[in-house]
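To keep things clear, I will list the structure first and then write my remarks on it.
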Amino acid sequence: MAQFQEVLKQSALHPKPAGLVLQYGTSGFRTNAKQLDHIMFRMGLLATLRSKKTKATIGVMVTASHNPEEDNGVKLIDPMGEMVTQDWEEHATQLANADQEDLLTALKNIIEKEAINMSQEANVFVGKDTRSSSASLSQAVLDGVSALGGHSKDYGLVTTPQLHYMVCCQNTQGKYGEATVEGYYTKFCQAFIQLTKNTSNRTDDQKHLCLDGANGIGALKVREMESHLKKELQISLNNDGSKGRLNHQCGADYVKVQQKPPTGIKINPGERCCSFDGDADRIVYYYTDSEGTFHLLDGDKMATLISTFLKELLTQAGLDLKIAVVQTAYANGSSTHYLENTMKVLVRCTKTGVKHLHHVAQEFDVGVYFEANGHGTVLFSKAAEEKIQQLAEDTNVNDKRKKAALLLRNTINVINQTVGDAISDMLLIEAILAIKGMTIQQWDTIYTDLPNRQLKVKVADRRVIDTTDAERRAVTPAGLQEAIDNLVKKYRQARSFVRPSGTEDVVRVYAEADTQVRNLFSKLSLLLILM
Ligand code: 16G
Ligand code: ZN
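Just so we're aligned, residue 1 is where the sequence shown starts under full-length UniProt numbering, counting upward by one.
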């Protein structure tokens, strides 16, 4: 077929370096940008096939998130704006690793296996972050799409969650919003303004937020969005990309891992600050107190604030909807304890990686999911949205219930339900703090984090560690979990686990305990070295 001839011709312009093997990991392909040209072309091909298969628009995002500038990566987005399904991750890995001369065979295998009708039309949305390599790499994706005769729309510079949003809008015929950057700002900012409009005692201090844009795409997009906020949120933007390097000593990942503010930003004591990561799908909040001590409010603190707010509104609205919080093993034990025992909210734990959390959150009427690292959102079931909508329109309910229903409706509209979104999460958190008249310090004292430590260990083969129970227990190598258990039980409120990383060739070690965490951690490290 002529189509395949074109693929062959075009693929010669995007050759695969011999011997290079890459895997579609937790967040797609990610490595040094120099190794990715052929991957991008092939993901253009694969997205086209996925579009034909699903008869819907598919997204391809070129980004390496919080990785250093010299890296890049690519992820596929499914029709409803969610991560591509697991079977297709396997197709992605196969296609990526086929030798140049076997590319057509690999492609045809997928077509056959998935019974794809090649005459079906295909549409692919493409977006990219601000890395210098992103321009040519996203062009390679576009080349891949056109080689298979697909139609593409290049959104250029967008955040990862913005591209997820576009895909969802497109495939729901605009019901979720308009599939443009302008449509995105309008939807989320309008909802924010509605939510904050009756918070008359909100002071100027509460309207002011200090933001670290990680010198990335998020900073650019916040600038574009600002006028839509009509001064209801005044953002002082740092690390806007005009001087510093992407993610260098700044951004959500740096702040979370280092447990300190980004370098070079002047923060006044008590000032409310937040950091985005390099593609703006993660956010963390923080402040320093009058003694100069740094306080981090991570994904767990956000999940707690948001779920508490939603639970209160559901109760006021008299709606019997099932709400749950989904966390990973990295969630601080204090947050889980608070949610389960004080808030009486159902908590579920899943494996690391957004797709796992998203999937479990879909099981509930209202599913709040957050990774401790600041990636998270809230999902509302269709039935829940309908009940809230009905109540908001009902003229026969009392003021209290009506008010709660209206707040819930606007809360739904300020949330990007397709994926964790730093911009949308920021607007949601800011709205909740405004409505509750709460300072960041008050939010921080809802519960106190247990001291915790994280470490990565280089081992010969990280796959020797196999885990179960949402990565909280090691099954192999034999004796490891037992040794950890024996250590942990000597400390109060202690918990520890090891798991192989899904993004780096290392094993990650986590431990939390009361004041003795340092002691526990050094013993754990010793244990792993000896294993
Ligand atoms: C990826 C995941 C993130 C997870 C991290 C864990 C997505 C979009 N991102 O960045 O959710 O926390 O991997 O990395 O799923 P690790 O396996 O190396 O600890
Ligand atoms: Zn990211």
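Think of the CB as a built atom: it goes at the ideal place given N, C-alpha and C, for glycine as much as any other residue.
Cutting at 7 angstroms between CB atoms, please list the residues of its own chain near residue 81, excluding the five before and the five after it. Around residue 81: 164, 165, 167, 168, 418, 419.
Along the chain, where does the beta strand (DSSP E) that runs through residue 23 open and close? No residue range can be given for residue 23, since it is assigned to no beta strand (DSSP E) and is classified by DSSP as neither H nor E.
Leaving out five residues on either side along the sequence, give the residues of the same chain with a beta carbon under 7 angstroms from the beta carbon of residue 500. Only residues of its own chain outside the window of five on either side were considered, and among them 462, 463, 465, 507 have a CB closer than 7 angstroms to the CB of residue 500, listed in chain order.
Does the Cβ of residue 79 have 16 or more other Cβ atoms within 10 Å, making it buried, or fewer, making it exposed? Buried: at least 16 other Cβ atoms inside 10 Å.
What's the gap between the Cα of residue 245 and the Cα of residue 67? For residue 245 and residue 67, the distance between alpha carbons rounds to 12 angstroms.
Between residue 114 and ligand 4, is there a pair consisting of the residue's CB and a ligand heavy atom that are separated by less than 7 angstroms? Within the structure as shown, ligand 4 is missing, the only ligands being ligand 1 and ligand 2.
So, for residue 317: in the same chain, excluding its five sequence neighbours on each side, which residues have a beta-carbon less than 8 angstroms away from its beta-carbon? These residues qualify, in order along the chain: 388, 391, 401, 404, 405, 408.
Those residues which DSSP pairs with residue 501 across a bridge: Note: residue 501 sits in no beta bridge, so no partner.
Express the C-alpha separation of residue 61 and residue 228 in angstroms, rounding to a whole number. Roughly 25 angstroms separates the two Cα atoms.
Do residue 253 and residue 373 have their beta-carbon atoms positioned less than 8 angstroms apart in this structure? For residue 373 and residue 253, yes; Cβs fall inside 8 angstroms.
Does residue 430 get closer than 8 angstroms to chain D when you measure Cβ to Cβ? No chain D is present in this structure, which holds just one protein chain.
Residue 299 in three-state terms, based on DSSP: DSSP, reduced to helix, strand and coil, places residue 299 within a helical segment of the structure shown.
Give the straight-line distance between the Cα atoms of residue 493 and residue 511, rounded to the nearest whole angstrom. Residue 493 and residue 511 have their C-alpha atoms some 10 angstroms from each other.
Nearest CA to the CA of residue 491: which residue from 153, 126, 450? Ranking 153, 126, 450 by Cα distance to residue 491 puts 450 first.
Cβ neighbour criterion (16 or more within 10 Å) applied to residue 32: With fewer than 16 Cβ atoms within 10 Å of its Cβ, residue 32 is classed as exposed.
So does residue 85 have its beta carbon nearer than 7 angstroms to some heavy atom of ligand 2? No, since every heavy atom of ligand 2 falls outside the 7 angstroms radius drawn around the Cβ of residue 85.
C-beta contact flag for residue 276 and residue 213 at 8 angstroms: If you check the CB distance, residue 276 and residue 213 come in under 8 angstroms.
Proximal residues to residue 83 (C-beta, below 8 angstroms), its chain only, five neighbours per side dropped: Around residue 83: 75, 76, 77, 354, 355, 358, 419.
At least 3 beta-carbon pairs within less than 8 angstroms: the stretch 421-429 vs the stretch 266-282: Here the stretch 421-429 lies against the stretch 266-282, with 3 or more beta-carbon pairs under 8 angstroms apart.
Could you say if the stretch 98-114 and the stretch 195-207 meet the contact criterion of at least three C-beta pairs nearer than 8 angstroms? Between the stretch 98-114 and the stretch 195-207, the count of Cβ pairs shorter than 8 angstroms is below three; the stretches do not touch.
Take residue 15 and list the residues in its own chain whose beta-carbon comes closer than 7 angstroms to its own, dropping the five residues that flank it on each side. Residues of the same chain with a CB within less than 7 angstroms of the CB of residue 15, apart from the 5 flanking positions on each side, are 38, 100 in chain order.
Would the beta-carbon of residue 454 fall within 8 angstroms of that of residue 509? Yes, Cβ-Cβ distance for residue 454 and residue 509 is below 8 angstroms.
Can you confirm whether the stretch 49-65 touches the stretch 7-25 when touching is taken to mean that 3 or more C-beta pairs between the two stretches lie within less than 8 angstroms? Contact between the stretch 7-25 and the stretch 49-65 is absent, because fewer than three Cβ pairs lie under 8 angstroms.
Apart from the five residues on each side of it in sequence, which residues of its chain come closer than 8 angstroms, Cβ to Cβ, to residue 475? Cβ neighbours of residue 475 beyond the five flanking positions: 466, 467, 468, 481.
The stretch 44-57 in contact with the stretch 110-126 per 3-pair CB rule at 8 angstroms: Yes: at least three Cβ pairs fall under 8 angstroms.
3-residue-minimum beta strand (DSSP E) runs that sit fully inside the stretch 381-459, ordered along the chain: The DSSP assignment places 452-457 as complete runs of the beta strand (DSSP E) inside the stretch 381-459, in order along the chain (cut-off: 3 residues).
Under 7 angstroms: does the beta carbon of residue 31 sit that close to some heavy atom of ligand 2? Outside the cutoff, so no.
Quick one: residues in its chain with C-beta nearer than 8 angstroms to the C-beta of residue 209, no 5 flanking neighbours on either side, listed in chain order? Leaving aside the five residues that flank residue 209 on each side, the residues in its chain whose CB is nearer than 8 angstroms to its CB run, in chain order, 233, 234, 235, 236, 272, 273, 274, 426, 430.
Buried or exposed for residue 206, going by 16 or more other Cβ atoms inside 10 Å? Buried, by the Cβ-count rule.
Should residue 364 and residue 323 be called a contact, given that it needs their Cβ atoms to be closer than 8 angstroms? Contact check for residue 364 against residue 323 passes: the beta carbons are separated by less than 8 angstroms.
Can you look up residue 524 in the DSSP assignment and give me helix, strand or coil? Reduced to three states, the DSSP call for residue 524 is helix.
Return the chain-ordered list of same chain residues with a C-beta closer than 8 angstroms to the C-beta of residue 435, the five sequence neighbours on each side being excluded. A distance below 8 angstroms between beta-carbons, with the five flanking residues on each side excluded, links residue 435 to the following residues of its chain, in chain order: 195, 196, 199, 309, 407.
Where residue 319 sits in the DSSP three-state scheme: The DSSP-derived three-state label of residue 319 is coil.
Would you decide whether residue 21 is buried or exposed? Buried here means 16 or more other CB atoms lie within 10 Å of its CB. Under the 10 Å beta carbon count, residue 21 is surrounded by fewer than 16 other beta carbons and is classified as exposed.
Within the continuous beta strand (DSSP E) that includes residue 512, where are the two ends? 507-512 is the span of the beta strand (DSSP E), which, as asked, contains residue 512.
I'd like to know whether the C-beta atoms of residue 175 and residue 117 end up nearer to each other than 8 angstroms. One thing to note: residue 175 has its Cβ no nearer than 8 angstroms to the Cβ of residue 117.
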